[in-house]
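Please read the structure below before turning to the comments.
Protein chains: 2
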Amino acid sequence: MSCSVTLKQKGFRLTPQRRLIVDIIHESHGHLTAEEIIDYVQSRVEGVNKSTIYRTLELLEELGCVYRSRLGDHFIYHHAEEGRHHHVVCHSCGKSVDLDDDLFAPVEQAVEERSGFHVGFTHVVMRGLCPECRAKGLHDHGWAFGIESLHHH
Amino acid sequence: MSCSVTLKQKGFRLTPQRRLIVDIIHESHGHLTAEEIIDYVQSRVEGVNKSTIYRTLELLEELGCVYRSRLGDHFIYHHAEEGRHHHVVCHSCGKSVDLDDDLFAPVEQAVEERSGFHVGFTHVVMRGLCPECRAKGLHDHGWAFGIESLHHH
DNA sequence: CTACCTGCAAACTGTTTGCAAACAA
DNA sequence: TTGTTTGCAAACAGTTTGCAGGTAG
Chain A
374 MSCSVTLKQK GFRLTPQRRL IVDIIHESHG HLTAEEIIDY VQSRVEGVNK STIYRTLELL
434 EELGCVYRSR LGDHFIYHHA EEGRHHHVVC HSCGKSVDLD DDLFAPVEQA VEERSGFHVG
494 FTHVVMRGLC PECRAKGLHD HGWAFGIESL HHH
Chain B
374 MSCSVTLKQK GFRLTPQRRL IVDIIHESHG HLTAEEIIDY VQSRVEGVNK STIYRTLELL
434 EELGCVYRSR LGDHFIYHHA EEGRHHHVVC HSCGKSVDLD DDLFAPVEQA VEERSGFHVG
494 FTHVVMRGLC PECRAKGLHD HGWAFGIESL HHH
């Protein structure tokens, strides 16, 4: 179901600002940082405040419309419609590739077997080095990289 | 090799502050947040400044003596002597369990096969729900959790 | 009408930096 | 002695909050 419909259904108002933010997240097929969303929004409509954007993103996350994950210092957002999946982002050139939901199944199972802990990877964004950048002789040794994920409420 | 020796070998001074920080990291068998390290240090010696602690931790990471990973909003630190390994931390009670190095091997392989990207998981800290807390009826559905890792330079 | 939303400005949090004084070697 | 290291205070960046005025329904 579309985010706009979800908003209205749950009794939230569909303001122009919210509509714009929802549109941007839907139009982007990748993941966006909060900063990118702020820039896109403000390039289309002057005067939309970043706190409005953060508040809208928080709301959309609570409604299950978007995933929010942390990548390094930033949060990144991704619409939740295409279901569970993961990303790898190249450290060097920033290129990103999607990966299937099942990627972490072996890890989930192994963690459960070895420790009894239950973990679930809903939307993980990890950093790596893409084939092209590797061919250029870059190494990922010494690169800091992080992966994070967040449950969809 | 011990952190103190590494420091001296590379021409860095072994000050009381640095010795104290190294001791605390070694004494702790788990992982510590920057804040915990600051608290421990300051409870033993008054007047040690947090910027000194951050600078020392940064240095120790550069020397390969400690790992630094992000867990949510904080960095956490762990001495690097026991080699590669990972952790799961319970969302609810904070209990933590160590996991073997090889945990993410299937993921590393799958990412490489599917995307050509090269990723390496040196020291991942993830959140989950421990058996006891699960038995208490807590669910991890709806919990935000993150895993992050950092390469050891 | 009137809650809900927004813009603004200011607060916040964890981390980082610049600089003069202190100190290890 | 002397260049590294420290403590202090202030900067920083991204995110969050309080509040008065604005607007969707």
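Line by line, the protein sequences are chains A and B. Each residue of the first sequence is one higher than the one before, counting from 374 in our numbering. Each residue of the second sequence is one higher than the one before, counting from 374 in our numbering. Each residue gets a CB set at the ideal place from its N, CA and C atoms; glycine is no exception.
Using a 10 angstroms sphere on the CB of A/H460, the tally of other CB atoms reaches 16 or more, which defines it as buried. For A/L444, the uninterrupted beta strand (DSSP E) run begins and ends at 439 to 444, by DSSP. By the criterion of at least three beta-carbon pairs nearer than 8 Å, the segment 489 to 499 of chain B is in contact with the segment 439 to 452 of chain B. For A/S375, there is no enclosing alpha helix (DSSP H), since its DSSP letter is neither H nor E.
With contacts defined by Cβ atoms closer than 8 Å, B/I394 and B/V414 form a contacting pair. Taking 8 Å as the Cβ-Cβ cut-off, the segment 456 to 467 of chain A approaches chain B at V461, C463, given in chain order. DSSP lists A/H459 as the beta-bridge partner residues of A/L472. Residues F490, V492 of the same chain have their beta carbon placed closer than 7 Å to that of A/V484, with the five preceding and five following residues left out of the count. Within the segment 400 to 453 of chain A, the complete beta strand (DSSP E) runs of at least 3 residues fall at 439 to 444, 447 to 452.
With a cutoff of 8 Å on beta-carbon distance, A/L405 and A/S465 are scored as not near each other.
In this chain, the alpha helix (DSSP H) harbouring A/R507 covers 504 to 508. For A/L433, no Cβ of chain B is located within less than 8 Å of the residue's own Cβ. B/L387 places its beta carbon 8 Å or farther from that of B/S401. About 4 Å separates the beta carbons of A/D474 and A/R457, which is inside the 8 Å limit, making them a contact pair. The C-beta of A/R428 comes no closer than 8 Å to any C-beta of chain B. Non-local beta-carbon contacts of B/L436 in its own chain, meaning distances under 6 Å to residues more than five positions away in sequence, involve T379 in chain order. Take B/V480, set aside five residues on each side of it, and no residue of its chain has a beta-carbon closer than 6 Å to its own. Excluding the 5 residues flanking it on each side, A/Y427 has same chain C-beta neighbours closer than 8 Å at A407, in chain order.
The beta carbon of B/C376 does not come within 8 Å of any beta carbon belonging to chain A, so the residue lies off that interface.
If you draw a 10 Å sphere on the C-beta of B/E434, you find 16 or more other C-beta atoms in it, and that means buried. Distance from the CA atom of B/Q382 to the CA atom of A/T425, rounded to whole angstroms, is 53 Å. Secondary structure note for A/R500: its beta strand (DSSP E) is the uninterrupted segment 498 to 501.
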